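One line per chain: the protein sequences are A and B, in this order.
In this text, residue positions in the first sequence follow this note's numbering: the first is 1, and each later residue adds one.
In this text, residue positions in the second sequence follow this note's numbering: the first is 1001, and each later residue adds one.
Glycine included, C-beta positions come from ideal geometry on N, C-alpha and C.
These figures come from a predicted structure and were not determined experimentally.
There are 2 protein chains.
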Amino acid sequence: MPEFDNSPYVVVSSDCHAGLPTEEYRPYIEAKYHPAFDDFLAEQAARVEAATKLGVRNPEFARAWFEEHEEGLRGGWDSAQRDKELDADGVTAEVIFPDADAVESTTAAPFGVGLTFSGGLDQELALVGARAHNRWLAELCSHSPERRRGVALVPITGDVDAAVAEIRRAKESGLGAVMIPAMWEDKAPYHDRRYDPVWAVCEELRMPVATHSGVAPRDEYGDHLGIYVSEVTWWPARPIWFLIWSGVFERFPGLKFGVTEAGCWWAPNLLWFMDRLFLGAHAAAKLTPFEEVKRPPSEYFDRNCFIGASNTKRRELAHRYEIGIDNMLWGNDFPHPEGTWPNTRKWLRTTFHDIPVDETRRMIGLAAAETYGFDVAKLAPVAERVNLRPGDLGQSGGEAAGWAAAREVGRHWLTGHDFPVIGYGATLGGHRTDDVGPEVS
Amino acid sequence: MPEFDNSPYVVVSSDCHAGLPTEEYRPYIEAKYHPAFDDFLAEQAARVEAATKLGVRNPEFARAWFEEHEEGLRGGWDSAQRDKELDADGVTAEVIFPDADAVESTTAAPFGVGLTFSGGLDQELALVGARAHNRWLAELCSHSPERRRGVALVPITGDVDAAVAEIRRAKESGLGAVMIPAMWEDKAPYHDRRYDPVWAVCEELRMPVATHSGVAPRDEYGDHLGIYVSEVTWWPARPIWFLIWSGVFERFPGLKFGVTEAGCWWAPNLLWFMDRLFLGAHAAAKLTPFEEVKRPPSEYFDRNCFIGASNTKRRELAHRYEIGIDNMLWGNDFPHPEGTWPNTRKWLRTTFHDIPVDETRRMIGLAAAETYGFDVAKLAPVAERVNLRPGDLGQSGGEAAGWAAAREVGRHWLTGHDFPVIGYGATLGGHRTDDVGPEVS
Chain A
1 MPEFDNSPYV VVSSDCHAGL PTEEYRPYIE AKYHPAFDDF LAEQAARVEA ATKLGVRNPE
61 FARAWFEEHE EGLRGGWDSA QRDKELDADG VTAEVIFPDA DAVESTTAAP FGVGLTFSGG
121 LDQELALVGA RAHNRWLAEL CSHSPERRRG VALVPITGDV DAAVAEIRRA KESGLGAVMI
181 PAMWEDKAPY HDRRYDPVWA VCEELRMPVA THSGVAPRDE YGDHLGIYVS EVTWWPARPI
241 WFLIWSGVFE RFPGLKFGVT EAGCWWAPNL LWFMDRLFLG AHAAAKLTPF EEVKRPPSEY
301 FDRNCFIGAS NTKRRELAHR YEIGIDNMLW GNDFPHPEGT WPNTRKWLRT TFHDIPVDET
361 RRMIGLAAAE TYGFDVAKLA PVAERVNLRP GDLGQSGGEA AGWAAAREVG RHWLTGHDFP
421 VIGYGATLGG HRTDDVGPEV S
Chain B
1001 MPEFDNSPYV VVSSDCHAGL PTEEYRPYIE AKYHPAFDDF LAEQAARVEA ATKLGVRNPE
1061 FARAWFEEHE EGLRGGWDSA QRDKELDADG VTAEVIFPDA DAVESTTAAP FGVGLTFSGG
1121 LDQELALVGA RAHNRWLAEL CSHSPERRRG VALVPITGDV DAAVAEIRRA KESGLGAVMI
1181 PAMWEDKAPY HDRRYDPVWA VCEELRMPVA THSGVAPRDE YGDHLGIYVS EVTWWPARPI
1241 WFLIWSGVFE RFPGLKFGVT EAGCWWAPNL LWFMDRLFLG AHAAAKLTPF EEVKRPPSEY
1301 FDRNCFIGAS NTKRRELAHR YEIGIDNMLW GNDFPHPEGT WPNTRKWLRT TFHDIPVDET
1361 RRMIGLAAAE TYGFDVAKLA PVAERVNLRP GDLGQSGGEA AGWAAAREVG RHWLTGHDFP
1421 VIGYGATLGG HRTDDVGPEV S
């Protein structure tokens, strides 16, 4: 076995969540909006009931979850507890989205600006709620600031000048990224030039812009949970092709846009499909050129986009040479039950055991550190303390050989190859996974 | 080289188009709707202008297309010319959707019920237009009936009783399938029980139900063609997960639903994602069971769904063991320029040259023949005359070996394997495609 770099991983979770118990946001809300806030609080029971009816919430599971994790879940808003949980879980740093409690919504950001953030909200109240959360979040991030990157909520579908002002204010307060509504609903789609001032300020301030999954057109789904889950990843990803094809990344080459907790399994097909369209597929022979787009969409994707891929699946990792290793930002989704907390060390071993160490370093940390502007030197002592090493994932430095063919083929439609190639020469020997089951497939 | 079955292929195109020059539909429309029909005809210029503005239509391409193919394009409505074109192109039989002219829309079915068929149309006029097209189409199919399967247009988003009656009438007139609006827009989504009488009659009469790509929420796209093309395949496929998760295929186990000309590259991820959800992913631990769904979604997909995959791409063929060979129905899209006509023989060779013959027989013909109820014995003499054989595709009977690993892995999440496997052991030797270019990738 060759010697290899077994130094600790800098693990950056690109998908964590924090939020106050909702009623505690009151001091962060201007007094004249307190009556509206009372109304919002009063609707909490109805929101939980609706979630239960759709099947997103299961009362028995909820009881067990809170009982088992009572202490850890206080890390949703308590910085000391949060550091303790991250350390134990193997995580060096984190990007913080809203809504700590995804089970009972007891920490929903005011006026619906958390994971239900959408253009369909009352846009005036949305800005009030966003400011309240953003102010509190800046306080949270002032503890252990080197390991936290707070994501400001900004309702850009409303007043654009106010949105730009809030982005500047958020940046000054110490926040480092911007979450926009995943759906514009009846507001202007994101190709609209009205948003150019938003993209401009985010480019100027190096604030990555992100959506997060959660919102979807639930009115169309009845109570069929499967429909919701089947397309809840599509809606927050949708802005990617709106921004690429409308030339936003030509006009704002430094802008970064990402979609969070929506998987990354769809990215290879998306890139293949868009590149082929741009490069002149037979089917496009009757189409006019794409004037606002100067290069293959995958080039914008690599330069301007990223995926907060959360708990990456084996199937997704197998496609990483098409997705782009630096585009896949792992996350533990702390403290949500869909995520890997508090078992991240075990999950990372299960999914990354045969992935080359240098690629693992990018996907579970360094790519996110660059995207979100962490100071890796300052993270080094935290990583030492957290102490998660390649050897802990079962890696030994010889992982690259089995993936050589897949790496060489890469994006086959750009490298002249015939079809995608998956690692290990796609031989069957020894790569059955009877011991892990469908949850990692 | 072993001996192999070099008998002619029965090639069934699951995606062809026919339609009268629009004004010639007048005799098929009840007189009281003639004024409305005059209005529809008057809007034709505006429709072409809108298509040009979006970039779907390119005037120079259009001129060249009509000049070069003047005679063949008459096959859009002339049965003798049509047979001549199919024979020359290598096609034994065909499934016929509306709108022969996808370039200038000169054969648009009345009142928007062609490839712009949607729940957003005036539903009364939609039924009038559908009946007009259906009556004419039955006449077309009365010529060479053994090789034609006409698809009746039925606006099920309007009056359900009227829709059921039209389906029965269409069946009696000789049509063999039903096309429904790809988008319901402001009407009821397809999980709604109001549609049960439609599913029931289609099951009873063995009429497969299909959508066809074309409709999308263009109001959201501005003039950005890339956005339209990037998601125009998603909208017509959307009913698949609405029907599966709402238990339609439990209630109507004999119902067949398919999506046409929307590619099939998305199917592996969809099946993987839905099966994992059903089978109890970690992420679903907080979710209630799916009461209306009794088996993994891929089982319904295999039993009840199909994809009219049109001009299958190499990337799609490489994933056929995940998609399901009998779920991929090839088509030449005659007489649309996105399709392979009049070069289908060459295209089939380019894309299928290394695919096992028995699998090719299913994908380019027999699976469609079963789905759409063709009498294969009656097609045999046509296939003899058309005379397209495995040898003509460059096949020699030894193709299976290189795909053995991929076939064994199949749907890896159900077979206990780790990640997908692509054919040829995914070795690189000899499988570069420098000579074919991106149009087949």
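Beta carbon proximity, residue i to chain A, threshold 8 Å
i	result
N1269(B)	yes
M1328(B)	no
F1273(B)	yes
A1283(B)	In this prediction, A1283(B) has a pLDDT of 45, which is less than 50 and means its spatial position is unreliable; what the coordinates show is noted afterwards. By this cut-off, A1283(B) is an interface position.
H1017(B)	no
Closer than 8 Å to chain B by CB, residue i
i	result
D186(A)	no
L175(A)	no
N6(A)	no
V293(A)	yes
F290(A)	yes
W199(A)	no
W241(A)	yes
T427(A)	Bear in mind that a pLDDT of 46 at T427(A), under 50, signals an unreliable position, so the number given afterwards is only what the model happens to contain. Closer than 8 Å: yes.
Residue of the options minimising C-alpha distance to residue i
i	options	result
L1243(B)	V1357(B), P1297(B) and I1227(B)	P1297(B)
S246(A)	D186(A), K378(A), V95(A) and D196(A)	D196(A)
E85(A)	N343(A), L127(A), F61(A) and E292(A)	N343(A)
K1346(B)	S1007(B), A1088(B) and S1014(B)	A1088(B)
R315(A)	F1334(B), R1295(B) and P1268(B)	P1268(B)
D1326(B)	S1310(B), N1332(B), R1303(B) and A1318(B)	R1303(B)
T1157(B)	G1423(B), E1203(B) and M1179(B)	M1179(B)
R82(A)	W272(A), N387(A) and D333(A)	D333(A)
I307(A)	G394(A), G263(A) and H69(A)	G263(A)
E1124(B)	D1358(B), Y1033(B), T1107(B) and Y1190(B)	Y1033(B)
G90(A)	R251(A), L366(A) and W341(A)	W341(A)
W129(A)	T415(A), L20(A), A401(A) and A80(A)	Reading off the sequence shown, one finds Gly at residue 129(A), where the question assumed Trp. Minimum Cα distance to G129(A) is reached at L20(A).
A1126(B)	A1138(B), A1108(B) and W1065(B)	A1108(B)
N1058(B)	P1239(B), L1348(B), A1102(B) and D1039(B)	A1102(B)
Y1300(B)	Y1321(B), A1377(B), E1291(B) and D1275(B)	D1275(B)
M207(A)	A369(A), E30(A), G120(A) and L277(A)	A369(A)
L1205(B)	T1371(B), G1394(B), G1391(B) and D1015(B)	T1371(B)
D1039(B)	R1026(B), E1049(B) and A1050(B)	R1026(B)
F1273(B)	W272(A), L271(A) and Y228(A)	Y228(A)
Where residue i meets chain B, residues with beta-carbon distance less than 8 Å
i	result
P420(A)	R1315, A1318 and I1422
Counterpart residues of residue i in DSSP-defined beta bridges
i	result
W199(A)	Partner(s): none; W199(A) has no beta bridge.
I1096(B)	C1016(B) and G1150(B)
M1179(B)	L1153(B) and A1210(B)
V1215(B)	S1213(B)
S118(A)	M183(A)
H1412(B)	DSSP lists no partner for H1412(B).
Neighbouring residues, chain B, relative to residue i (Cβ below 7 Å)
i	result
V229(A)	L1277
W266(A)	N1269
Partner residues on chain A for residue i, Cβ-Cβ distance less than 7 Å
i	result
L1393(B)	Per Cβ cutoff of 7 Å: no residues; L1393(B) is ~16 Å from chain A at best.
Within chain B, the residues that residue i reaches when beta carbons sit closer than 9 Å
i	result
H191(A)	E1220, Y1221, G1222, H1224 and I1227
Contacts that residue i makes with chain A (C-beta to C-beta distance below 8 Å)
i	result
W1245(B)	H224, L225, G226, I227 and S230
(request) With a floor of 4 residues, list each alpha helix (DSSP H) that falls wholly inside the region 42-78 of chain A, ordered by position along the chain. (result) 44-54, 59-68 and 70-73
(request) Entirely within the region 247-315 of chain A and at least 3 residues each: give me those beta strand (DSSP E) ranges in chain order. (result) 257-260 and 305-310
(request) Tell me the start and end of each unbroken alpha helix (DSSP H) in the region 1318-1389 of chain B that is at least 4 residues and wholly inside, in chain order. (result) 1320-1323, 1344-1352, 1357-1361, 1367-1371 and 1376-1386
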